[in-house]
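*Asks:* Can you read through this structure? Questions will come right after.
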Ligand code: AMP
Ligand code: ZN
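Residue numbers (the working numbering): 14 to 124.
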């Protein structure tokens with residue numbers, strides 16, 4: 014499949030990995046919007062949040078299990094952070110492989 018994040022997971026495109034387990038791959042965003050900007054993806058391809066079902070929601074659970082681990086590891090858990098999922102055209106999604114942005118290291122004032 015011609016998917017940027019599948020290629021990153023496969024190591025065909027380089028990335029700065031910050032976390033990996035059986036279900037999740039997490040790496041630094043190439044265009045960071047905060048001092049800490051991590052992208053978390055399920056290793057199993059799904060296009061967007063619209064593809065989440067009872068059968069595959071364990072991938073999302075795995076992502077949320079990883080989020081506080083990464084925040085603690087990178088020392089911004091205490092100060093707090095923001096998690097964003099962009100879905101579809103109106104949501105501003107540009108890569109069609111489900112992903113969550115984990116942003117930390119600064120205060121987020123605008124919604
Ligand atoms: P979204 O706009 O929610 O689809 O987010 C896609 C994100 O992927 C953007 O924040 C991009 O900066 C990021 N991105 C695109 N290509 C790469 C790459 N090769 N390595 C790391 N992050 C990337
Ligand atoms: Zn993919």
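The beta carbon of each residue, even a glycine, is placed where N, CA and C say it ideally should be. Just so you know, these numbers come straight off a predicted model, no measurement behind them.
Rounded to whole angstroms, what is the Cα-Cα separation between residue 55 and residue 76?
*Replies:* Taking the straight line from one Cα to the other gives about 7 Å.
*Asks:* Excluding the 5 residues preceding and the 5 following residue 46 in the sequence, name in chain order all residues of the same chain whose CB lies nearer than 7 Å to its CB.
*Replies:* Cβ neighbours of residue 46 beyond the five flanking positions: 116.
*Asks:* Less than 9 Å between the C-beta atoms of residue 12 and residue 53, yes or no?
*Replies:* Residue numbering for the chain in the displayed model covers 14 to 124; residue 12 lies beyond these limits and cannot be assessed.
*Asks:* Check this for me: beta carbons of residue 65 and residue 17, under 9 Å apart or not?
*Replies:* Contact: no.
*Asks:* Nearest-angstrom Cα distance between residue 108 and residue 60?
*Replies:* Cα to Cα, residue 108 sits roughly 8 Å from residue 60.
*Asks:* For a test of the three-state rule: what should DSSP assign to residue 48, helix, strand or coil?
*Replies:* Residue 48: coil per DSSP, three-state reduction.
*Asks:* If you measure from the CB of residue 105, is any heavy atom of ligand 1 nearer than 8 Å?
*Replies:* Result yes, Cβ under 8 Å from ligand 1.
*Asks:* Within 10 Å of its beta-carbon, does residue 121 have 16 or more other beta-carbons around it, so buried, or fewer, so exposed?
*Replies:* That one is exposed.
*Asks:* Rounding to the nearest angstrom, what Cα-Cα distance links residue 82 and residue 102 in this structure?
*Replies:* Whole-angstrom Cα-Cα distance: 30 Å.
*Asks:* Fully enclosed by the region 25-104, which alpha helix (DSSP H) runs are 4 residues long or longer?
*Replies:* The region 25-104 contains these whole alpha helix (DSSP H) runs: 71-86, 101-104.
*Asks:* Apart from the five residues on each side of it in sequence, which residues of its chain come closer than 8 Å, Cβ to Cβ, to residue 33?
*Replies:* Here the set comprises 39.
*Asks:* Which of the three DSSP states, helix, strand or coil, is assigned to residue 17?
*Replies:* Residue 17 falls in the helix class under three-state DSSP.
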